[in-house]
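In terms of this note's numbering, the sequence shown opens at residue 521 and continues consecutively. Okay, so here's the structure we're looking at.
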Amino acid sequence: MLKGVFSSIESLVSKDCILASNTSSLSIASIASACERSERVLGIHFFNPAPLMPLVEIIPAIQTADEITDEARNIIDSWKKITVLAKDTPGFIVNRVARPFYGEAIRILEEGIAT
521 MLKGVFSSIE SLVSKDCILA SNTSSLSIAS IASACERSER VLGIHFFNPA PLMPLVEIIP
581 AIQTADEITD EARNIIDSWK KITVLAKDTP GFIVNRVARP FYGEAIRILE EGIAT
């Protein structure tokens with residue numbers, strides 16, 4: 521579905537437009553594959569609540585041009601956010617690190633240690 525959205529949006533925006541998804545789990549390369557200008561597609565993952573959370577993951581796809589990644593990073597840095605580059609892998613950085621904590625929280629609940 522998101523691939524179709526990106527393909528449709530691409531025909532409506534300037535050829536200079538950066539196409540970005542805030543996904544935390546979908547493959548950016550897969551999204552980019554639906555676009556004619558796949559070199560302009562990347563992931564920009566904000567954390568909730570976005571106005572308060574300083575960290576932003578930037579996820580270039582294999583197709584993403586380096587200058588697009590740099591341009592996106594410069595824009596987000598100008599907003600006084602902290603940017604990190606993540607590879608296009610499931611969960612990127614933060615969600616991958618957080619997964620064990622989610623599992624432990626469920627175990628604590630199941631064992632009656634906390635409610």
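Note that beta-carbon positions come from the ideal geometry of N, C-alpha and C, so glycine has one too. Since this is a predicted model, take the numbers as computed values, not measurements.
Residue 562, DSSP secondary structure in three states: Locating residue 562 in the sequence shown gives position 42, where the first residue counts as 1. Strand.
Which of the three DSSP states, helix, strand or coil, is assigned to residue 605? Residue mapping note: residue 605 aligns to position 85 of the sequence shown, counting from 1. Note: residue 605 maps to strand in three-state DSSP.
Where residue 629 sits in the DSSP three-state scheme: Locating residue 629 in the sequence shown gives position 109, where the first residue counts as 1. Correct three-state label for residue 629: helix.
Unbroken alpha helix (DSSP H) run spanning residue 525, endpoints: The count along the sequence shown starts at 1 and reaches residue 525 at position 5. 522–530 is the span of the alpha helix (DSSP H), which, as asked, contains residue 525.
Do the CB positions of residue 552 and residue 545 come within less than 8 Å of each other? Counting from one through the sequence shown, the residue named residue 552 turns up at place 32. Counting from one through the sequence shown, the residue named residue 545 turns up at place 25. Their beta carbons are not under 8 Å apart, which means residue 552 does not touch residue 545 by this criterion.
Enumerated in chain order, which unbroken segments of the beta strand (DSSP E) with a length of 3 residues or greater are wholly contained in the segment 561–591? 561–566, 575–580
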